[in-house]
Amino acid sequence: NKVVVFGEKVPPVLNDEKPIVLICGEDPQLYPAIAFAYGESAAFVSVTSFEELKNCFDKYRKRISVICLDMQKKAMEDSDEFYKFILEQGGGKIIPIVAVCKEGDLNHIRQALNLEVYDILYIPPQIDVIQRRLSSAIFYKNNQWLKVEKVGALILY
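For any residue, its number in our numbering is found by taking its place in the sequence shown, counting from 1, and adding 77.
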């Protein structure tokens, strides 16, 4: 098992078929906590700015399987266009959004519920909870594609 330490940089995404967990937020604990808990069955991309977010979708659109969204991002100056872009790219509909809130922060929990998130993770993180919830979100996204293919609908995002 790989050990991820506080402040560690996100390794580059390999050219494989692993689903990508997109981590959006400023908190330097987010990537290490989520990557340590979820392990090597997914690749991770961490973004903090709107420009990085756009570049990530340009490069990995089809592989992004879940978006972990730090609700503290709401306080940043580009947060409105950040959220709008995620929703325009299928966030919440095709790609499940897992909100990350500080435990007990009711304001952020309410904001997350207004975004119609798939699930909520709390910081400080619990490893077994992260594993369960990300696995569930990735499974959900994979089954959404199956439903779309069975209906024969074409969704471009």
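Beta carbons are placed, not taken as given, at the ideal position from N, Cα and C, and that holds for glycine. The structure presented is a predicted model; accordingly, all values stated were derived computationally and were not measured.
Report the rounded CA-to-CA distance for residue i versus residue j, giving the unit in angstroms.
i      : j      : result
ILE97  : ASP182 : 27 Å
ILE111 : LYS179 : 14 Å
VAL225 : ALA114 : Only weak support is given to the placement of VAL225: the predicted model assigns it a pLDDT of 44, under 50, and the question is left unresolved by the model.
TYR234 : GLN166 : Its pLDDT being 31, under 50, TYR234 is placed unreliably in this model, and the coordinates cannot settle the point.
LEU198 : ASP135 : 27 Å
ASN132 : ILE141 : 13 Å
LYS139 : LYS95  : 11 Å
PHE159 : ILE186 : 18 Å
What are the boundary residues of the alpha helix (DSSP H) that residue i is part of?
i      : result
ASP157 : 156-165
TYR242 : Nothing about residue 242 can be read from this structure; the chain reaches only from 78 to 234.
Using 9 Å as the threshold, is the C-beta distance between residue i and residue j below it?
i      : j      : result
ILE207 : PRO173 : no
SER212 : TYR195 : no
ILE215 : ALA120 : no
LEU99  : VAL122 : yes
VAL175 : ARG210 : yes
VAL177 : ILE200 : yes
Who does residue i pair with in a DSSP beta bridge?
i      : result
SER123 : ILE100
ASP147 : VAL177
Where does the unbroken beta strand (DSSP E) through residue i begin, and where does it stop?
i      : result
ILE171 : Note, ILE171: premise wrong, no beta strand (DSSP E); not H, not E.
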